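K.L.:
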Amino acid sequence: MAVLVIADHDGSAVRDTTHKTVTAALALSSEVDVLVVGQGAKAVADGAAKIAGVRKVLLAESAGLGKVLAEAVEATVLPLAGGYDAILTPATTDGKNFAPRIAAKLDVAPISDIVEVVSADTFVRPIYAGNALETIQSGDAKKVITVRPTAFAAAAEGGSAPVESVAGAEAPKTTFVAEEMVKSDRPELGAAKIIVSGGRALGSAEEFHTVMEPLADKLGAAIGASRAAVDAGYAPNDYQVGQTGKVVAPMLYIAIGISGAIQHLAGMKDSKTIVAINKDPDAPIFQVADFGLVADYKTAVPELMSALG
Amino acid sequence: MKVLVPVKRVIDYNVKARVKADQSGVDLANVKMSMNPFDEIAVEEAVRLKEGKEHHAAGTATEIVVVSIGVTQAQETIRTALAMGADRGVLIQSDTDLEPLAVAKLLKAVVEEEKPDLVLMGKQSIDGDNNAVGQMLAALLDWPQATFAGKLVIEGGKATVTREVDGGLQTIAAELPAVVTVDLRLNTPRYASLPNIMKAKKKEIAMKAVADYGVDVADRLKVVKVTEPPKRAAGVKVESAAQLVESLKSAGVL
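Here it is in structure tokens:
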């Protein structure tokens, strides 16, 4: 069987999420091709060709693909779909946007956000905000799957696959208007080894930045936030960790002033080590924390900074 | 403009789901059920399109039809939407929880019957967490889609939607008719007032059956088992920040 991975990239290089999806694809088959959709994305395709285990890279370019409009991705992938038994892409906002669209056109059930490949037709995925794991077997001849990147190791570099161009499509009824990306020099939330995350207890946007940024810089960490902190305007939407935000699984997750609602836990409870700093000893976050410190963040964070040296 | 809003009856978001001992699924007996939180946001936005709240011109939406697919009790979910300001409801009765593909096919049939200019719906249901039906419906209709909407503007035959994407925000314009799926920050849904709850009782809910639509709703996925996620080992409480750093160092984390 042959598998097509639709790459996730930033316009100049493939993201780590693509490497992780290739790992999931290789668990299905050894015949793994990567499709890079974009505009002026030759460098991305060359990067994808270096992922170990990749058979060949297909490069499709168009204006619509540059902004990853779902309709353009769908129209690009459909003519290629005949040659593949499975189509995989990371469960990023882009992947979630176009994968179900492709599945519907192929008349197959999409399989969202898998965390394990049991066999070529059987997968594990979380449901109910991660409170249950569902093992499902697909009866469809073709499978369209999104992969939760944090659940798979990244495929190594060292390949040298050929790159071929394929036709790119447009999205006739949709136009890109603008984008506003959050600028950050810190590690990307999804790929960070350490995440410090702040909640509503921080009280204001100023306080959030004053407290979280020096700590994140000291640890080389990414900054996350609970939904309460995002809704209150303390942190940008993009920082949100949880069922409706990002799902992360860093080596170390430090939750500061976060109570630990079900929806937040859904986004971080697979972290290797969880630390909770909260002044409420009964906060649910302590039930999943490996190390808990019952203290006000106002005293605990400065002490933590000095203890880190 | 006619707006169709699909809503789903799901486990209340505050309830922690329990896996059944026989691993056949999640135990929903005697569990509080509510409207999927994202669907409430979709209903709210549709009502604002009608009332002309915030940046919407009054009367942008002229009729709001709410549709649900599920058990008889899903009427309560539709009734909630009617109390929020929707005009009428359609319930397609089904005793089993249908997969997103089947739901999208049924919704397509409803769209062909109702001919809305806009389908506004939640980005995902908090039970299946699939995040698929809106995109699939758009594909089946060959309509454009705008998912994860944090802001919606209807103007000049287009839905201009600011989408919440990884890394920030993206604004796209989709020609109507279109499918828009909503994210959490689009709005804060209202509570239905008592007079509106009373009025909602008089609004019509058309009762339909899956068979009325001649759509193949057979499951494509077989649930092999549903299990509890692995439990985390009990943690320890430390006394001070210094002890915390020490513990993290000895655990090899720092």
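In order, the protein sequences belong to chains R and Y. Mapping to the numbering used here: the first sequence position 230 is 1200, numbers consecutive. Mapping to the numbering used here: the second sequence position 177 is 1419, numbers consecutive. From the three backbone atoms N, C-alpha and C, an ideal C-beta is built for every residue, glycine too. Since the structure is predicted, the reported quantities are computational estimates derived from the model, not experimental observations.
So, do the segment 979 to 991 of chain R and the segment 1001 to 1014 of chain R have three or more beta carbon pairs nearer to each other than 8 Å?
P.N.:
As far as the Cβ criterion goes, the segment 979 to 991 of chain R touches the segment 1001 to 1014 of chain R, which means the pair count is three or higher.
K.L.:
Would you list, in chain order, the members of the segment 1255 to 1271 of chain R that have their beta-carbon closer than 9 Å to a beta-carbon of chain Y?
P.N.:
Residues passing the 9 Å Cβ filter: F1256, Q1257, V1258, A1259, D1260, F1261, G1262, L1263, V1264, A1265, T1269, A1270 and V1271.
K.L.:
Taking C-alpha atoms, which residue in Q1257/R, D1083/R, A977/R and T1105/R lies nearest to D1091/R?
P.N.:
As a working note, residue 1091/R is residue 121 in the first sequence. Minimum Cα distance to D1091/R is reached at T1105/R.
K.L.:
Anything in chain Y within Cβ reach of L1103/R, meaning under 8 Å, just list it in chain order.
P.N.:
As a first step, residue 1103/R must be located in the first sequence, where it is residue number 133. The contacting residues are V1468, T1469, E1470 and P1471.
K.L.:
Write down the C-beta distance between L1348/Y and I1334/Y rounded to the nearest angstrom, noting that I regard them as a contact closer than 8 Å.
P.N.:
Translated into the one-based positions of the second sequence, residue 1348/Y becomes position 106. Translated into the one-based positions of the second sequence, residue 1334/Y becomes position 92. L1348/Y to I1334/Y, Cβ: 6 Å. Contact.
K.L.:
How would you write the range of the alpha helix (DSSP H) that M1238/R sits in, first residue to last?
P.N.:
Here residue 1238/R is taken as the residue at index 268 of the first sequence, counted from 1. Looking at the DSSP string, the run of the alpha helix (DSSP H) that includes M1238/R is I1232 to M1238.
K.L.:
Throw me the rounded Cβ distance for the A1195/R and G1168/R pair, which I believe falls under 8 Å.
P.N.:
Taking the first residue of the first sequence as position 1, residue 1195/R is located at position 225. Taking the first residue of the first sequence as position 1, residue 1168/R is located at position 198. That belief holds up - the Cβ atoms of A1195/R and G1168/R are roughly 6 Å apart, short of 8 Å.
K.L.:
Along chain R, in chain order, which residues have C-beta atoms closer than 8 Å to that of S1489/Y?
P.N.:
Position 247 of the second sequence, counted from the start, is the residue given in the question as residue 1489/Y. In chain order: F1261.
K.L.:
Output the boundary residues of the alpha helix (DSSP H) element that contains T1105/R.
P.N.:
As a position in the first sequence, residue 1105/R is number 135, starting the count at 1. No alpha helix (DSSP H) contains T1105/R, which is instead part of the beta strand (DSSP E) from A1102 to S1108.
K.L.:
Less than 7 Å separating the beta-carbons of G1331/Y and V1308/Y?
P.N.:
Here residue 1331/Y is taken as the residue at index 89 of the second sequence, counted from 1. Here residue 1308/Y is taken as the residue at index 66 of the second sequence, counted from 1. Taking 7 Å as the Cβ cut-off, G1331/Y and V1308/Y qualify as a contacting pair.
K.L.:
Which residues in chain R sit within 8 Å of R1462/Y, going by Cβ to Cβ distance?
P.N.:
Along the second sequence, read from residue 1 onward, the residue named residue 1462/Y stands at position 220. The answer, in chain order, is V1078, A1079, S1108, G1109 and D1110.
K.L.:
Buried or exposed: where does D1064/R fall if 16 or more other Cβ atoms within 10 Å of its Cβ makes it buried?
P.N.:
Locating residue 1064/R in the first sequence gives position 94, counting from the first residue. Label assigned to D1064/R: buried.
K.L.:
Under 9 Å Cβ-Cβ, which residues of chain Y neighbour A1073/R?
P.N.:
By 1-based counting over the first sequence, the position of residue 1073/R is 103. Going along chain Y in sequence order, the residues near A1073/R (Cβ under 9 Å) are P1342, L1343, A1374, Q1377, M1378 and A1381.
K.L.:
Taking the beta carbon of M1326/Y as the centre, do at least 16 other beta carbons fall within 10 Å, making it buried, or is it exposed?
P.N.:
Taking the second sequence and counting its residues from 1, one reaches residue 1326/Y at position 84. Burial call: buried.
K.L.:
Buried or exposed: where does V1422/Y fall if 16 or more other Cβ atoms within 10 Å of its Cβ makes it buried?
P.N.:
Your numbering for residue 1422/Y matches position 180 in the second sequence. The residue is buried, with at least 16 neighbouring Cβ atoms inside 10 Å.
K.L.:
If you reduce the DSSP assignment to three classes, tell me which class F1122/R lands in.
P.N.:
As a first step, residue 1122/R is located in the first sequence; it is residue number 152 there, counting from the start. F1122/R falls in the coil class under three-state DSSP.
K.L.:
S1482/Y versus chain R: which residues are under 9 Å apart at the beta carbon?
P.N.:
For the purposes of this step, residue 1482/Y is taken as the residue at position 240 of the second sequence. Going along chain R in sequence order, the residues near S1482/Y (Cβ under 9 Å) are L1263, A1265, A1270, E1273 and A1277.
K.L.:
If you draw a straight line from the C-alpha of L1159/R to the C-alpha of D1252/R, how long is it?
P.N.:
Counting from 1 along the first sequence, the entry for residue 1159/R is found at position 189. Counting from 1 along the first sequence, the entry for residue 1252/R is found at position 282. Using only the alpha carbons, I get a separation of about 28 Å.
K.L.:
At a Cβ threshold of 7 Å, is T1430/Y touching chain R?
P.N.:
The residue you call residue 1430/Y lines up with position 188 of the second sequence. False, the Cβ-Cβ gap to chain R never drops below 7 Å.
K.L.:
Looking at chain Y, which residues of the segment 1122 to 1146 of chain R have a Cβ within less than 8 Å of any of its Cβ atoms?
P.N.:
If the cut-off is 8 Å between Cβ atoms, the segment 1122 to 1146 of chain R has A1141, K1143, T1144, T1145 and F1146 near chain Y.
K.L.:
Can you list, in chain order, the residues of its chain with a C-beta nearer than 7 Å to that of E1287/Y? Leave out the 5 residues immediately preceding and following it.
P.N.:
As a position in the second sequence, residue 1287/Y is number 45, starting the count at 1. Around E1287/Y: L1362, L1394, V1424, L1428 and N1429.
K.L.:
With a threshold of 7 Å between beta-carbons, can K1399/Y be considered close to chain R, or not?
P.N.:
For the purposes of this step, residue 1399/Y is taken as residue 157 along the second sequence, with counting starting at 1. The sequence as given places Gly at residue 1399/Y; Lys does not occur at that position. Judged by the 7 Å Cβ criterion, G1399/Y is not in contact with chain R.
K.L.:
What residues are listed by DSSP as bridge partners for K1244/Y?
P.N.:
Here residue 1244/Y is taken as the residue at index 2 of the second sequence, counted from 1. Paired residues: E1305/Y.
K.L.:
Let me see if you follow: with CB-CB separation under 7 Å, is K1479/Y close to chain R or not?
P.N.:
For this step, residue 1479/Y is matched to residue 237 along the second sequence. Answer yes: the Cβ-Cβ gap between K1479/Y and chain R drops below 7 Å somewhere.
K.L.:
How about R1474/Y: is its C-beta nearer than 7 Å to some C-beta of chain R?
P.N.:
For the purposes of this step, residue 1474/Y is taken as residue 232 along the second sequence, with counting starting at 1. Closer than 7 Å to some Cβ of chain R, the Cβ of R1474/Y qualifies, so yes.
K.L.:
Express the C-alpha separation of K1112/R and K1450/Y in angstroms, rounding to a whole number.
P.N.:
Locating residue 1450/Y in the second sequence gives position 208, where the first residue counts as 1. Locating residue 1112/R in the first sequence gives position 142, where the first residue counts as 1. Distance between the alpha carbons of K1450/Y and K1112/R: 32 Å.
K.L.:
So, for P1386/Y: in the same chain, excluding its five sequence neighbours on each side, which residues have a beta-carbon less than 8 Å away from its beta-carbon?
P.N.:
Taking the second sequence and counting its residues from 1, the one referred to as residue 1386/Y is at position 144. Result list for P1386/Y: A1380, A1416, E1417, A1420 and V1421, in chain order.
K.L.:
Count Cβ pairs between the segment 1078 to 1098 of chain R and the segment 1014 to 1024 of chain R that sit closer than 8 Å; are there 3 or more?
P.N.:
Touching, no, given that fewer than three Cβ pairs across the two stretches are closer than 8 Å.
K.L.:
Between E1446/Y and E1355/Y, what straight-line distance do the alpha-carbon atoms span, to the nearest angstrom?
P.N.:
Position 204 of the second sequence, counted from the first residue, corresponds to residue 1446/Y. Position 113 of the second sequence, counted from the first residue, corresponds to residue 1355/Y. One C-alpha to the other measures close to 17 Å.
K.L.:
Would you mind stating whether A1374/Y and P1080/R have Cβ atoms separated by less than 7 Å?
P.N.:
Here the question's residue 1374/Y lines up with position 132 in the second sequence. Here the question's residue 1080/R lines up with position 110 in the first sequence. Yes, they are a contact pair.
K.L.:
Looking only at its chain, what residues have a beta carbon closer than 6 Å to the beta carbon of A1323/Y, apart from the 5 residues adjacent to it on each side?
P.N.:
To locate residue 1323/Y, count along the second sequence from 1; it is residue 81. Contacts found: V1249, V1285 and V1308.
K.L.:
Against chain Y, does D946/R count as a neighbour if the rule is that its beta carbon must be under 7 Å from one of theirs?
P.N.:
Because chain R spans 971 through 1279 in this model, residue 946/R falls outside it and cannot be assessed.
K.L.:
Can you name the residues of chain R whose CB is closer than 9 Å to the CB of P1386/Y?
P.N.:
Taking the second sequence and counting its residues from 1, one reaches residue 1386/Y at position 144. What P1386/Y touches in chain R: L1039, A1040, E1041, A1141, P1142, K1143 and T1144.
K.L.:
Report yes if the C-beta distance between V1027/R and V1014/R is below 7 Å; otherwise report no.
P.N.:
Reading the first sequence from its first residue, position 57 is the one you call residue 1027/R. Reading the first sequence from its first residue, position 44 is the one you call residue 1014/R. For V1027/R and V1014/R, no; Cβs fall outside 7 Å.
K.L.:
Just curious, the alpha helix (DSSP H) that Q1317/Y is in, first and last residue?
P.N.:
Looking up residue 1317/Y in the second sequence gives position 75. Its alpha helix (DSSP H) spans residues A1316 to M1326.
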